[in-house]
Amino acid sequence: MRIITRHLLRAFLGPLLLCFVCFNALFVVFDLFGQVSKFIDIKAGVADVLGYYGGLLSTYSHWFIPASCLLATLYTMWQLSRHSELTALRASGISFTRLTAPFLAVALCATGLSYLNLEIIAPVQGVRAEQFKDNAMPDGSNKRLKSKMNYADPATGDNWTFELADLSDERAMSKPTGRVVVKRTLADGSHRMFRTRRAEYLDGAWWFWDPREFHYTIDDLGGGAPDEDDTPSPAGRTAPPSLPTPMRELTTSPRDIVMESRDWSMLSSSDMRRLLALRNSTAAEPGNWYEYYFRLVAPWACVVITLFAIPAGISTGRQSMIKGVILALGSFFGFYALTLGMGFLGNQNLIPPPLAAVFPRPVFLAIGAASFKRPK
-5 MRIITRHLLR
5 AFLGPLLLCF
15 VCFNALFVVF
25 DLFGQVSKFI
35 DIKAGVADVL
45 GYYGGLLSTY
55 SHWFIPASCL
65 LATLYTMWQL
75 SRHSELTALR
85 ASGISFTRLT
95 APFLAVALCA
105 TGLSYLNLEI
115 IAPVQGVRAE
125 QFKDNAMPDG
135 SNKRLKSKMN
145 YADPATGDNW
155 TFELADLSDE
165 RAMSKPTGRV
175 VVKRTLADGS
185 HRMFRTRRAE
195 YLDGAWWFWD
205 PREFHYTIDD
215 LGGGAPDEDD
225 TPSPAGRTAP
235 PSLPTPMREL
245 TTSPRDIVME
255 SRDWSMLSSS
265 DMRRLLALRN
275 STAAEPGNWY
285 EYYFRLVAPW
295 ACVVITLFAI
305 PAGISTGRQS
315 MIKGVILALG
325 SFFGFYALTL
335 GMGFLGNQNL
345 IPPPLAAVFP
355 RPVFLAIGAA
365 SFKRPK
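This is the structure:
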């Protein structure tokens, strides 16, 4: 690595890390004003609070990182211009593109880190933070138990009812649950019902203890369904109480159930795509499709913002600090205003969701590239 590159990276990385830490610290301080009394009431430990804020901050990092890139770029370019370092480097024959390459390389790295956070860290840690907040569990076990939880599998049409379900993750969901009932509607309009006192997901299949199977029609039951004391139809079967029975015809996985129960913003793009494929909802749920495409392009805001912040930062050193700051902030808020506006149109299906998610990036990339070519 050349000496000039190391010098530029040191000048940029310090302010970048400082801005990112400050944004996170400010967020934690403001949130503590509303949460500190709750932490005291439940006697939460330091590890619980740190885990909560670690998970919560992971869901906001894709906003903090671009903002940090903006302020760090403005400050660094202002410092280099104010001390005439850029002029000296340009006079020595180094191109402007070569000088700004380290800033764009860091922005690309920030884009990659932001994407990894959204795909790997935020879906797990963010859910745990929300569960801790909702359930006020100071031991940090982060279980989310629901009674009579219902799930309709969009792929098979099966309707599942869990007496007690742990939705913290698919591994917890795979462990033995309480009573489970699965209802399936057949092509002739009749119904099959599977009922068990205990269920567990092992080796890619559901295992039922004491399974009971009913085959019935609504007319036969007078508009109802089999009760607990009803006798199984001739098609029914029972198993010895001590031996579980594999129910391989039930293809719904614990992951499908857990993902369906989560808030859409807490899913990774791969999980979003999986659910959308199961639902086959291209036209029915434009908002979910927009969120999926937005998740793919959102990290690129780091590169877009850094690109138009570089010439704005030079203006602060050469001409007027006020002018450069206004230019950078105007571009920053204009970029997110356009993003929010296109998001509204995409969520309402007024324009195609992929176009709504992607459109602001090339527009402001073009604006940044145009001002980047001829810095004043």
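Take -5 as the starting number for the sequence shown in this note's numbering and just add one per residue. Heads up, the beta-carbon is just placed ideally off N, CA and C, and yes, glycines get one too.
* What residues in its chain sit with their C-beta under 7 Å from that of phenylalanine 6, if we drop five residues either side in the sequence? -> As a position in the sequence shown, residue 6 is number 12, starting the count at 1. So the list reads Ala66, Thr70, Pro96, Phe97, Val100, once near-sequence residues are dropped.
* Asked: With 16 as the cutoff for other CB atoms within 10 Å, does glycine 49 come out buried or exposed?
  -> Translated into positions along the sequence shown, residue 49 becomes position 55. Per the 10 Å Cβ criterion, buried.
* If you run the structure through DSSP and keep just helix, strand and coil, what is arginine 186? -> Along the sequence shown, one-based indexing puts residue 186 at 192. In the three-state reduction of the DSSP assignment, arginine 186 falls in the strand class.
* Asked: In the structure shown, what three-state DSSP assignment does proline 305 receive?
  -> Along the sequence shown, one-based indexing puts residue 305 at 311. When DSSP states are grouped into helix, strand and coil, proline 305 belongs to the helix group.
* Going straight from the alpha carbon of isoleucine 361 to that of phenylalanine 24, what length do you get? -> Position 367 of the sequence shown, counting from 1, holds the residue named residue 361. Position 30 of the sequence shown, counting from 1, holds the residue named residue 24. Computed Cα separation, rounded: 35 Å.
* What number of angstroms, rounded off, separates the C-alpha of histidine 1 from the C-alpha of glutamate 124? -> Taking the first residue of the sequence shown as position 1, residue 1 is located at position 7. Taking the first residue of the sequence shown as position 1, residue 124 is located at position 130. Rounded to whole angstroms, histidine 1 and glutamate 124 show a C-alpha spacing of 42 Å.
* Asked: Apart from the five residues just before and just after threonine 246, which ones in its own chain have a Cβ nearer than 7 Å to its Cβ?
  -> Working through the sequence shown from its first residue, we reach residue 246 at position 252. Short of 7 Å from the beta carbon of threonine 246, and not among the five residues preceding or following it, lie these beta carbons of its own chain, in chain order: Asp147, Thr150, Asp152, Trp154.
* **Local conformation of histidine 56 per DSSP, three classes** => By one-based count along the sequence shown, residue 56 stands at place 62. Note: histidine 56 maps to helix in three-state DSSP.
* Beta-carbon spacing of leucine 68, alanine 322 below 8 Å -> Translated into the one-based positions of the sequence shown, residue 68 becomes position 74. Translated into the one-based positions of the sequence shown, residue 322 becomes position 328. Contact flag set, yes.
* **Rounded straight-line distance, which links the Cα of alanine 82 to that of phenylalanine 90** => Mapped onto the sequence shown, residue 90 falls at position 96. Mapped onto the sequence shown, residue 82 falls at position 88. Approximately 12 Å between the Cα atoms of the pair.
* To do: Just grab the DSSP bridge partners of valine 174 for me.
  => Here the question's residue 174 lines up with position 180 in the sequence shown. Beta-bridge pairing links valine 174 to Phe156, Thr190.
* To do: Could you tell me which residues DSSP puts in a beta bridge with tyrosine 46?
  => Within the sequence shown, residue 46 is the residue found at index 52, counting from 1. BP columns for tyrosine 46 are empty, so no partner.
* Classify arginine 189 as buried or exposed, calling it buried when 16 or more other Cβ atoms lie within 10 Å of its own Cβ. => Residue 189 sits at position 195 when you count from the first residue of the sequence shown. Buried, by the Cβ-count rule.
* To do: Run the CB neighbour count on cysteine 296, radius 10 Å, all protein chains shown included, and call it buried at 16 or more, exposed below.
  => Looking up residue 296 in the sequence shown gives position 302. So cysteine 296 ends up on the buried side.
* When Glu79, Ser55, Asp257 are compared against threonine 161, the one with the closest alpha-carbon -> Taking the first residue of the sequence shown as position 1, residue 161 is located at position 167. Reading the sequence as shown, one finds leucine at residue 161 and not threonine. The candidate whose alpha carbon is nearest that of leucine 161 is Asp257.
* Stretch-stretch touch, CB-based, cutoff 8 Å, three pairs: the region 194 to 213 with the region 238 to 255 -> Touching, yes.
* **Other residues of its chain near proline 9: CB distance less than 8 Å, five sequence neighbours each side excluded** => The sequence position of residue 9 within the sequence shown is 15, counting from 1. Counting only Cβ-Cβ distances below 8 Å, and skipping sequence neighbours, we find Leu65, Ala66, Tyr69, Thr70.
* Could you give the DSSP three-state label for arginine 206: helix, strand or coil? => For this step, residue 206 is matched to residue 212 along the sequence shown. Correct three-state label for arginine 206: strand.
* To do: Could you tell me the boundaries of the beta strand (DSSP E) in which methionine 241 lies?
  => Position 247 of the sequence shown, counted from the first residue, corresponds to residue 241. Annotation: the continuous beta strand (DSSP E) that includes methionine 241 extends over 238 to 241.
* To do: Go to threonine 94, then tell me how far its alpha helix (DSSP H) extends in each direction, as first and last residue.
  => What you label residue 94 is simply residue 100 of the sequence shown in a count that begins at 1. For threonine 94, the enclosing alpha helix (DSSP H) covers residues 90 to 110.
* Asked: If you count every other CB in all the chains shown that lies within 10 Å of the CB of aspartate 250, and 16 or more means buried, which is it?
  -> What you label residue 250 is simply residue 256 of the sequence shown in a count that begins at 1. Classification of aspartate 250: buried, given that the 10 Å Cβ count is 16 or more.
* Own chain partners of glutamate 157 with C-beta closer than 8 Å, once the 5 adjacent residues on each side are dropped -> Within the sequence shown, residue 157 is the residue found at index 163, counting from 1. Answer for glutamate 157: Ser141, Lys142, Thr171, Gly172, Arg173, Val174, listed in chain order.
* Asked: What do you reckon, are the CB atoms on tryptophan 283 and proline 347 nearer than 8 Å?
  -> By 1-based counting over the sequence shown, the position of residue 283 is 289. By 1-based counting over the sequence shown, the position of residue 347 is 353. Cβ distance < 8 Å, so tryptophan 283 and proline 347 count as in contact.
* To do: On the DSSP bridge assignment, give the partners of alanine 199 in chain order.
  => Here residue 199 refers to the residue found at position 205 of the sequence shown. The partner list for alanine 199 (beta bridge, DSSP) reads Leu196.
* Do you know offhand how far arginine 165's Cα is from tyrosine 109's? -> What you label residue 165 is simply residue 171 of the sequence shown in a count that begins at 1. What you label residue 109 is simply residue 115 of the sequence shown in a count that begins at 1. The C-alpha of tyrosine 109 is placed about 25 Å away from the C-alpha of arginine 165.
* To do: Kindly indicate which residue of Val43, Phe14, Phe17 has the alpha-carbon position closest to the one of leucine 409.
  => Residue 409 lies beyond the stretch modelled for the chain, which goes from -5 to 370, so this question has no answer here.
* Please determine, among Thr333, Leu80, Glu113, the residue with the shortest C-alpha to C-alpha distance to isoleucine -2. => Translated into the one-based positions of the sequence shown, residue -2 becomes position 4. The alpha carbon of isoleucine -2 has as its nearest neighbour, out of Thr333, Leu80, Glu113, the alpha carbon of Leu80.
* Who are the near neighbours of aspartate 163 in its chain, counting only those whose CB is closer than 7 Å to its CB and skipping five residues on each side? -> Counting from 1 along the sequence shown, the entry for residue 163 is found at position 169. Hits under 7 Å: Val252.
* Asked: Where histidine 185 and glutamate 207 are concerned, what is the direct C-alpha to C-alpha distance, given to the nearest angstrom?
  -> As a position in the sequence shown, residue 185 is number 191, starting the count at 1. As a position in the sequence shown, residue 207 is number 213, starting the count at 1. When rounded, the separation of the alpha-carbon atoms in histidine 185 and glutamate 207 is 10 Å.
* From the DSSP output, in three-state form, read off threonine 179 for me. => Position 185 of the sequence shown, counted from the first residue, corresponds to residue 179. The answer is strand: DSSP assigns threonine 179 an E or B state.
* **Whole-angstrom distance between glycine 183 and glycine 328, CA atom to CA atom** => Position 334 of the sequence shown, counting from 1, holds the residue named residue 328. Position 189 of the sequence shown, counting from 1, holds the residue named residue 183. Going from the Cα of glycine 328 to the Cα of glycine 183 covers about 55 Å.
* Asked: Would you report the Cα separation of leucine 349 and tyrosine 210, rounded to the nearest angstrom?
  -> The sequence position of residue 349 within the sequence shown is 355, counting from 1. The sequence position of residue 210 within the sequence shown is 216, counting from 1. Leucine 349 and tyrosine 210 have their alpha carbons spaced roughly 48 Å apart.
* To do: Return helix, strand or coil for alanine 38, following the three-state DSSP convention.
  => Counting from 1 along the sequence shown, the entry for residue 38 is found at position 44. Residue state, collapsed to three classes: coil.
* To do: Report all residues from its chain with a CB closer than 6 Å to the CB of aspartate 223; omit the five preceding and five following residues, and keep chain order.
  => Along the sequence shown, read from residue 1 onward, the residue named residue 223 stands at position 229. Any reading at aspartate 223 is ruled out, since the residue's pLDDT is 45, under 50, leaving its predicted position unreliable.
* For tryptophan 203, which of Pro238, Phe58, Ser52 has the nearest alpha-carbon? -> For the purposes of this step, residue 203 is taken as residue 209 along the sequence shown, with counting starting at 1. It is Pro238 whose Cα lies nearest to the Cα of tryptophan 203.
* Cβ neighbour criterion (16 or more within 10 Å) applied to arginine -4 -> As a position in the sequence shown, residue -4 is number 2, starting the count at 1. Counting every other CB atom within 10 Å of its CB across the protein chains shown gives arginine -4 a total below 16, marking it as exposed.
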